[in-house]
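Heads up: the structure comes next, in structure tokens.
Numbering (our numbering), first residue to last: 70 to 777.
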């Protein structure tokens, strides 16, 4: 006799149809297979207090379908594989059982620490259509089945389907590990590693063929022919390569390409189309073979990091950040005679990393003066974004949380003692009214804490700790201290960016994420006052973009910004007197220049810690940047708009809040200086001339084609 608690599976037909509808959005063939499938077995479902059981009719009775991995076990397996409880790498699950491992894996929040915003794909294999058909009745999988990052294959040939998909969908990352529920799905002797090795062979052959074709397409090129084309005034084909997993750089690339568009050139942006995709060398080679670029642009990457670019086309890396992949001897050695750099760091990269200085065009951060065009806020913009003060940044994690996460990750008693001690010293410095911690002073605090905690660090680990405390902890302390000052002053403060809604004391000011393309300009213009605060100096893209549209900013005082005018005084004296070294500078400087150098040391407090760069080296670096590093050398108004303390901030808010004409006057004056020196359009035209001049000089000494 049938247990009355068993209900026929078809009572879940609506769920089945909804799941199939979701699946059909990106896999209509499999959805059609499922809809047309007719089961030879009669299935039932039974609910009890703590579980749902699937059953199948066998003769006159209904037998529960065995479950190999029940929910508690499935949950524990998933936690063992992903102990951080985030989905950070693509995995293949072979077999479905009752679907709980699929569900728990999909429930993990995607989080690839190397590529923020990337959702690694999830590969799922079901041994038969009947198994999948059954589970699509059993589970509410509308979201899972509609998600294109879920790569689902069903049937006895599911592994072969997977292999073919890997070869056809080149931009979807392959699984890095596998979890087997049903071993019968794997053909004898087949493993994930073996399958990936086998699949890689035809892709390597395709890449070799694509590279050969690129060499043929560019066989006409010589330095002279490329220089002539760059100077011809005819539209060039310009390819920009970036990634959707770095928000700032992808917007920078779009702005850069927009400038070339306005100069009359044909541009193409190569970027991942979806958040579960990653471009690779074959994609680069195929796009270059089709587009045949005259010039390839990259940001924070160089040619040799990609294996599919034409050897003969000039490639330009915009150095925007001090990253280890750029600032290394290996990177310098990899520069070919068609590789060029723009941006910052020419002196450092040429003298320490062997980059060719003659192919490095120093430039400030670029400004898209079209997108951030001069104007005033409209009535609608004022209604939506109007406020006393606004601040835009994703740096919403408090410093104490960063420290706690680091302690939890390391776990050792020595690490706990050290990080607690150094954080107390840093926080005490700022709580007592200290200025922004310079690198030498921060090193002194680290050394003191290491001694107190009885810790020793080798050179590499010291550098890692210093970088963490500088780029993350000190950064958070400075930013959040300023914002808390503003919050305590009771003004109408708007915070835009990821995570502010979670901040314990600033959440009430959170306004969500600002769209870089559509909303930033409106926010800048609708705010009476915008705030720029960073321990690394005020000369930053957000400030430059805001000034380009005519917005007014107050900036947190930084010794590195203030010292710029002093550096310039000493450098100009060095140039007038043909000073070429630190020794000459120290031995020949007159009294008035010695006084300036003393003021520099006192301002940056170099006497408190050793510094690996001498003053003359630093002067060369800032001169190499055309004095665009320090805010005081860019804007004479720096003293009028900077604040170092809560009281100074309060005073300047009072001064400017109800003085729109004065705010406008200062903003337009500051805007004029950066438009002259930092627009993407101007930089791009200078770059073309720079490359053409170098290639022309090559052609006078070497008439060989630019071959691989």
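C-beta: ideal position from N, C-alpha, C; glycine also.
Let me know the secondary structure DSSP gives residue 260 once reduced to three states.
-> Reduced to three states, the DSSP call for residue 260 is coil.
- prompt: Is it true that the CB of residue 175 sits closer than 7 Å to the CB of residue 220?
  reply: Their beta carbons are not under 7 Å apart, which means residue 220 does not touch residue 175 by this criterion.
**Study point:** Between the CA atoms of residue 431 and residue 745 - distance to the nearest angstrom
**Key:** So the alpha carbons of these two residues sit roughly 15 Å apart.
By Cβ distance below 8 Å, which residues in the same chain neighbour residue 494 in space, the five residues on each side in sequence not counted? Excluding positions up to five away in sequence, the list reads 514, 517 and 518.
Next item on the list: Might you give, ordered along the chain, the residues of its own chain that have their beta carbon closer than 6 Å to the beta carbon of residue 91, omitting 5 neighbours on each side?
Entry: Correct list, in chain order: 211, 214 and 215.
query: Going straight from the alpha carbon of residue 208 to that of residue 134, what length do you get?
result: Cα-Cα distance, rounded: 15 Å.
- Message: So the candidates are 112, 629, 113 and 218; which of them puts its Cα closest to the Cα of residue 156?
- Response: When each option's Cα is compared against that of residue 156, the closest is 218.
ask   = Can you give the Cα-Cα distance for residue 407 and residue 378, rounded to whole angstroms?
value = Spanning the two alpha carbons is a distance of roughly 12 Å.
Can you tell me the Cβ-Cβ gap for residue 76 and residue 125, rounded? I've got them flagged as a contact below 8 Å.
Incorrect: roughly 13 Å between the Cβ atoms, too far for contact.
Using a Cβ-Cβ cut-off of 6 Å (strictly less than) and excluding sequence neighbours within five positions of residue 328, which residues of its own chain qualify? The answer, listed in chain order, is 749, 750 and 753.
Point to revise | residue 362 to residue 277 span [Cα, whole Å] | key: Each residue's alpha carbon lies about 19 Å from the other.
Should the stretch 655 to 670 be called in touch with the stretch 591 to 601, which here means at least 3 C-beta pairs below 8 Å?
No, they do not touch.
Rounding to the nearest angstrom, what Cα-Cα distance links residue 381 and residue 357 in this structure?
One C-alpha to the other measures close to 12 Å.
For residue 395 and residue 322, which I take to be in contact (beta-carbon distance under 8 Å), what is that distance rounded to the nearest angstrom?
Wrong, their Cβ atoms sit about 16 Å apart, outside the cutoff.
Looking at residue 552 and residue 575, is the spacing between their C-beta atoms short of 7 Å? Taking 7 Å as the Cβ cut-off, residue 575 and residue 552 qualify as a contacting pair.
Is the Cβ-Cβ distance between residue 815 and residue 460 less than 7 Å?
The structure shown does not extend to residue 815, since the chain spans only 70 to 777, so no value can be given for it.
What did DSSP end up calling residue 136 once you bin it into helix, strand or coil? Secondary structure of residue 136 (DSSP, three-state): coil.
Point to revise | Nonlocal neighbours in the same chain, by C-beta distance under 7 Å from residue 242, ignoring five residues either side | key: Contacts found: 159, 189, 190 and 347.
* How would you call residue 183, buried or exposed, if buried means at least 16 neighbouring beta carbons within 10 angstroms? -> Exposed: under 16 other Cβ atoms inside 10 Å.
Item to check | Range covered by the alpha helix (DSSP H) that runs through residue 231 | outcome: Annotation: the continuous alpha helix (DSSP H) that includes residue 231 extends over 227 to 237.
- Look at residue 700 and residue 630 and say whether their C-beta atoms are less than 7 Å apart. Yes, these two residues count as a Cβ contact at 7 Å.
Continuous beta strand (DSSP E) assignments of at least 3 residues falling wholly in the stretch 436 to 507: Segments of the beta strand (DSSP E) lying fully in the stretch 436 to 507: 456 to 461.
In terms of alpha-carbon separation, which member of 743, 295, 259 and 386 lies closest to residue 318? It is 386 whose Cα lies nearest to the Cα of residue 318.
Let's test the definition: count the other Cβ atoms within 10 Å of the Cβ of residue 288 and tell me whether it reaches 16, buried, or not, exposed. Per the 10 Å Cβ criterion, exposed.
On the DSSP letters alone, give me the boundaries of the beta strand (DSSP E) that residue 597 sits inside. Taken as a continuous stretch (DSSP letters only), the beta strand (DSSP E) holding residue 597 covers 596 to 601.
Can the beta-carbon of residue 309 be found closer than 7 Å to that of residue 465?
No, these two residues do not count as a Cβ contact at 7 Å.
Handout entry: Between the CA atoms of residue 107 and residue 227 - distance to the nearest angstrom
Key = In a straight line, the C-alpha of residue 227 is about 20 Å away from that of residue 107.
- Item | Closest by C-alpha distance to residue 388, when choosing among 398, 354, 402 and 429 | With distances taken between Cα atoms, residue 388 lies closest to 429.
ask   = What do you reckon, are the CB atoms on residue 138 and residue 165 nearer than 7 Å?
value = Not in contact: residue 138 and residue 165 (Cβ atoms no closer than 7 Å).
Going by the CB atoms, is the gap between residue 401 and residue 437 shorter than 7 Å?
Their beta carbons are not under 7 Å apart, which means residue 437 does not touch residue 401 by this criterion.
In chain order, what residues of the same chain lie with their CB nearer than 7 Å to the CB of residue 88, ignoring the 5 residues before and after it? Cβ within range, chain order: 205, 210, 211 and 214.
Requested in this report: Alpha carbon to alpha carbon, how far is residue 530 from residue 372? Give it in angstroms, no decimals.
Outcome: Each residue's alpha carbon lies about 30 Å from the other.
**Asked** Quick one, are the C-beta atoms of residue 311 and residue 249 less than 7 Å apart?
**Response** Judged by beta-carbon spacing, residue 249 lies beyond the 7 Å limit of residue 311, meaning their Cβ atoms are not closer than that value.
Cβ distance (whole Å) where residue 624 is taken to contact residue 601 below 8 Å:
With a Cβ gap of about 4 Å, residue 624 and residue 601 count as contacting.
Requested in this report: Just grab the DSSP bridge partners of residue 387 for me.
Outcome: BP columns for residue 387 point to 368 and 411.
Quick one: which unbroken alpha helix (DSSP H) runs of 4-plus residues sit fully inside the stretch 550 to 615? Chain order, please.
You should have 589 to 595.
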